[in-house]
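Numbering (the numbering used here), first residue to last: 1 to 563. The beta carbon of each residue, even a glycine, is placed where N, CA and C say it ideally should be. Quick caveat, the model's predicted, so the values are computed rather than measured. Contents: one structure, followed by commentary.
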């Protein structure tokens, strides 16, 4: 049985109880009042009025207990005992007759529960049986016949209605049990909210002339918390307790609002507006905790019955989904910037190459020195494009897991100087002499080239390189006296398409160089990290001095993330 079906049947059952009570009370009054009038003239005691009326009172008490969802057997039986005691002490009803009447009502009710197909026939036969019993006890005079008639009327109707009440109670209890079982087994948080108090507050606002609740709440933001506090949480399942990290009982009562520095304002206004408009559905995102930060999707689970003021609300933790969405948005933005940057970076040297080549082709009288200078520029710009393409290819292969390196033992200072010569850079290189490491020379030069280019783009005027060696690793530190990297960007700069800040007076950056360099360093068994300094930035590349099978990741850097 689904949660919707169980709830619908429970509501229908309670409505059926009310209709049966009205019908039974009316019919019983029509039968019993004439009998009471006659009995009062002929019987020994007016106490028979209580005997006839007490079943109706008993029925009314049971109906109220069921409709208010607080049905308890002890209260029902307690009232029955009270009615019996009152009949005996106040009205002098004989104890034997009293006990017999109670037993007959309860016995008939219990038997009728097990005769669903023949219940009506059973009650007719049972009523005749009770009348016969009354006659058999010797009450054969006119008053006795009327007493028997009144007894039959009250007990028959009482038995019939009590039977149906017990049946509905039995079914409702079973359905409520099913509902509770389903509710607690659901993997998402479910709340039952009561909007009655909030609807009453809305009525007051309408009386004050408020027509647009969204505008009203926008103009009066302090009202949001007050009105949300009028939502009363009636029930919550185990998943809700786990989501909030609270005991279930602590979640019940007036709804507590999480302000979250204003992030929930629009969400709360949307929910209040939906209740104001009596909408049947709503889907929303709300921050339900700020330490830690938890974002939840809120959805009304089912359409309420007409006039109902209760909703089942489903809440799902979507914190990771929201973070992924924000990351995707940032990635898309970065890729857009990347496309613009790569277009600029490739177009600039390509335009230069085309321009210089065209000039060489058209100007046949150009001096040899000038021609040589143009050829050097063409070579330089072509190399720039080759570097860009190389970084793009490495990044693509790394994403596919198809990137490989071939380490050899090489002299690190020599490779660094070759790279600087290739770049046309004259930097101070401090090193103790010979320092070897097992590296892929092509990929090592690519890393150094990216680090030097990065320092040129973002660093200060002064740039230098320091090479040191220990038993396990050779370190290459590229330093500059620039502004450095913001602390919150210290790790993000190694992600693809991310730059810490825009360079000044140079072409746009793709944001791939550091990401590619870290990946290559780790493939060779080394690391690449950023360290802030008081006088600028430090990028430290460590490569192993032992063959790859013997090398180990530096302990201090073993927890660094890969890009």
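For residue i, which residues from the same chain have a beta carbon less than 7 Å from its beta carbon, with the 5 sequence-adjacent residues on both sides left out?
i           : result
residue 455 : 463, 478, 480
residue 267 : 284, 285, 286
residue 531 : 538, 540
residue 566 : The structure shown has nothing for residue 566, since the chain only spans 1 to 563.
residue 321 : none
Which same chain residues, not among the five before or five after residue i, have their C-beta less than 8 Å away from its C-beta?
i           : result
residue 504 : Confidence in residue 504 is poor, its pLDDT being 40 and thus under 50, which makes the residue's placement too unreliable to answer from.
residue 449 : 387, 419, 422, 423
residue 426 : 420
residue 524 : 405, 407, 438, 439, 440, 443, 444, 543, 544, 548
residue 354 : none
residue 541 : 447, 448, 451, 475, 476, 477, 478, 517, 521, 526, 527, 528
residue 197 : 230, 231, 232
Reducing DSSP to helix, strand and coil, say where residue i ends up.
i           : result
residue 180 : helix
residue 479 : strand
residue 318 : coil
residue 465 : strand
residue 364 : coil
residue 533 : strand
residue 448 : helix
residue 273 : helix
residue 545 : coil
residue 507 : Only weak support is given to the placement of residue 507: the predicted model assigns it a pLDDT of 41, under 50, and the value that follows is read from those uncertain coordinates. Three-state result, residue 507: coil.
residue 551 : The pLDDT assigned to residue 551 is 46, lower than 50, so where the model puts this residue is not dependable; a value taken from the coordinates is nonetheless given after this. Coil.
residue 252 : coil
residue 485 : coil
residue 282 : coil
residue 297 : strand
residue 257 : coil
residue 492 : helix
residue 567 : With the chain covering only 1 through 563, there is no way to say anything about residue 567.
residue 263 : coil
residue 528 : strand
Rounded to whole angstroms, what's the CA-CA distance from residue i to residue j? Just pull it up for me.
i           : j           : result
residue 208 : residue 271 : 21 Å
residue 457 : residue 513 : 12 Å
residue 276 : residue 518 : 56 Å
residue 403 : residue 397 : 5 Å
residue 316 : residue 246 : 16 Å
residue 363 : residue 375 : 13 Å
residue 400 : residue 357 : 37 Å
residue 319 : residue 294 : 5 Å
residue 332 : residue 447 : 26 Å
residue 482 : residue 536 : 5 Å
residue 219 : residue 269 : 11 Å
residue 258 : residue 264 : 7 Å
residue 491 : residue 359 : 45 Å
residue 255 : residue 489 : 39 Å
residue 221 : residue 212 : 14 Å
residue 204 : residue 184 : 37 Å
residue 339 : residue 347 : 12 Å
residue 243 : residue 279 : 27 Å
residue 495 : residue 415 : 26 Å
residue 335 : residue 327 : 12 Å
residue 299 : residue 391 : 46 Å
residue 329 : residue 175 : 46 Å
residue 470 : residue 323 : 42 Å
residue 297 : residue 199 : 23 Å
residue 428 : residue 417 : 10 Å
residue 342 : residue 459 : 21 Å
residue 361 : residue 367 : 13 Å
residue 225 : residue 253 : 15 Å
residue 389 : residue 312 : 57 Å
What whole-angstrom Cβ distance do residue i and residue j have, given they're in contact under 8 Å?
i           : j           : result
residue 181 : residue 239 : So it is not a contact: roughly 13 Å between Cβ atoms.
residue 465 : residue 435 : Contact doesn't hold; Cβ gap of about 12 Å is too wide.
residue 474 : residue 533 : Not a contact, Cβ separation roughly 21 Å.
residue 325 : residue 273 : Going by Cβ atoms, the distance from residue 325 to residue 273 rounds to 24 Å, so no, they are not a contact pair.
residue 195 : residue 231 : 6 Å
residue 410 : residue 432 : Rounded, the Cβ-Cβ distance is 16 Å, inconsistent with contact.
residue 310 : residue 171 : Not really, about 20 Å apart at Cβ, beyond 8 Å.
Kindly list the residues whose CB is nearer than 6 Å to the CB of residue i, restricted to its own chain and excluding five residues on each side of it in sequence; keep chain order.
i           : result
residue 248 : 236, 241
residue 430 : 466
residue 394 : 516
residue 210 : 216
residue 349 : 381, 384, 385
residue 453 : none
Check: What residue ranges within the segment 370–443 form continuous alpha helix (DSSP H) runs of no fewer than 4 residues, ordered along the chain?
Finding: Scanning the segment 370–443 for uninterrupted alpha helix (DSSP H) segments of 4 residues or longer gives 412–423, listed from N- to C-terminal end.
Notebook entry, point to check: Can you list the alpha helix (DSSP H) stretches of 4 or more residues lying completely in the segment 177–239, in chain order?
Noted result: Along the length of the segment 177–239, whole alpha helix (DSSP H) runs at least 4 residues long occupy 196–207, 213–219, 222–228, reported in chain order.
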